[in-house]
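This report refers to the structure that appears directly beneath it.
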Amino acid sequence: MNKEFLDALTELEREKNISKEDIITAIEDAVELAYKKNYGNYPNVRVSVDREDGEVLVLMSKEVVEDVEDDMMEVSLEEARSYDSRYELGDIIEYQVDPKDFGRIAAQTAKQVVVQRIREAERRNSYDEFVNKQGEIITAKIERINNGTMFLSVGNSEGILPLSEQVKSESFNVGDRIKVYVIDVKKATKGPQIFLSRSHPGLVRRLFELEVPEIADGTVEIKGVAREAGSRTKIAVYSHDENVDPVGACVGNRGSRVQNIVDELFGEKIDIIVWDEDPAILISNVLRPAEVEGVYINYVSEKEKMATAVVPEQQLSLAIGREGQNVRLAARVSGWKIDIKSKAQLEESGFAFEEYEDEDDSSENAVNEVEQPDKSPAAEGQIAAEPAADEAAAPAEVEAEVEAGTEA
């Protein structure tokens, strides 16, 4: 090795973020092992790389003794003083040894160490890059498909899109470049394992953040997302500026913003809902397109929130949705367990329903209330939906599906 080799290590340190000193230390350790393997496993041998000119030195240490019994470990006082008259008994003297052909072995070993460290650094840097992208959207190219699982090129690494994280209604081929959501990054011997998703509700959240400037700058906040991938999503939004309509901002001029997201999701329907801190108004909003006549707050605790929503008889099916989808998504996005009843069902179960008109609120968000009875209802035909456990804990990450451009 020479100074040019050290200069190359300096370049690697800058380009690959590999410590030059760490590489040199690793070379010293590896060359020492190579020496002991080829020339004898002597404990008194060490290897040193000169930091100035790159020269590799093999040094053997010996103890200065009166009578030599092991010439590989000891040196006589007379011989030691032939090098330096200051040596005394018990001192340690180091010799430079240069066995035949060892220069070639040292060079090969050093090369192997450098290559190994470069690979390790690339894997480490790749992991560091993508572990910070968890919860983000990236664009990746599909390289191969094996038993339904897609493998995508992600920089110098490979991303995995399992069948369970794909959307049945979407179809992709090898060579396609697609947007995917990074759900997890794990360390592995051959590089980071990057797990991707097309079905995660976070994909919809990030698409809105990319498409809607008012969300990106914090004016409009996404309060919850509930998704059944490929079918429908409900997303609840709130404006921190009374002059900015959160639904209008998300929909865009002539629906352009939400349409871009719908196109990316291959036609998935998206309902955009106004979030309200008043639970009655919120529940009324999330059950749309059904018209809610009244909301009764049954029970609230740290672990559970339950409410009954009253809808017209002819809108029961609409409120519940096909196979319960509408009320299921409404529960997830709001964090409330919701029972759906008609006025007749409510009265049969012992509730007293009172219609009223709020003089201060003539808007479509005005909600009728239900008078609380002595006991909670247990009528037959009651429809209930509740948020999933993880979604209730973090409503922003709740699963969902949506109708494009539907306003709350």
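With my numbering as the guide, the letters of the sequence shown map in order to residues 30 to 437.
Quick reminder that beta carbons are idealized off the backbone N, C-alpha and C, glycines included.
For L358, the enclosing alpha helix (DSSP H) covers residues Q354 to S363. Taking a 10 Å sphere around the C-beta of M101, we find fewer than 16 other C-beta atoms and assign the residue as exposed.
The residues I189, L190, P191 and L192, in chain order, have a CB closer than 8 angstroms to that of T178 in the same chain once the five nearest residues on each side in sequence are set aside. For K215, the enclosing beta strand (DSSP E) stretches over residues R206 to K215. Taking each of Q374, L86 and E103 in turn and checking the Cα distance to V94, the smallest one comes out for E103.
Apart from the 5 residues on each side of it in sequence, S77 sits with its Cβ closer than 7 angstroms to the Cβ of E57, L86 and L88 in its chain, given in chain order. Distance from V287 to G281 at the Cβ level is roughly 6 angstroms; contact confirmed, criterion being Cβ atoms closer than 8 angstroms. If you look at D157, you'll find it in the alpha helix (DSSP H) that goes F131 to V160. The beta-bridge partner set that DSSP reports for M179 consists of I174 and L190. The region 210-227 and the region 149-167 touch, with three or more beta-carbon pairs separated by less than 8 angstroms. Residues of the same chain with a CB within less than 7 angstroms of the CB of K49, apart from the 5 flanking positions on each side, are L38, T39 and E42 in chain order. Separation of the CB atoms of V203 and R234 is rounded to 28 angstroms, and the pair is thereby denied contact status at 8 angstroms. Linking A109 to L35 through their CA atoms gives a straight-line distance of about 34 angstroms. Restricting attention to L181, D270, T337 and R361, the CA atom closest to the CA of E250 is found in D270. The count of Cβ pairs closer than 8 angstroms, one atom from the region 161-180 and one from the region 207-215, reaches three, so the stretches are in contact. Restricting attention to beta strand (DSSP E) runs no shorter than 3 residues, the region 216-266 encloses them at 222-226 and 249-257, ordered along the chain. G184 and L225 have their C-alpha atoms some 14 angstroms from each other.
With a beta-carbon spacing of about 5 angstroms, R227 and V196 fall inside the 8 angstroms limit used to define contacts. Going by DSSP, N327 is part of no alpha helix (DSSP H) but of the beta strand (DSSP E) stretching over G323 to V329. The beta-carbon separation of V74 and A139, rounded to 17 angstroms, does not stay under the 8 angstroms limit for a contact. The C-beta distance from V339 to K366 rounds to 16 angstroms, too long to meet the 8 angstroms contact threshold. Around the beta carbon of S260, 16 or more other beta carbons lie within 10 angstroms, which makes this residue buried.
DSSP places V196 in the coil class of the three-state scheme, outside both helix and strand.
In this structure, E123 is the residue among V266, E123 and E257 with its C-alpha nearest to the C-alpha of E92.
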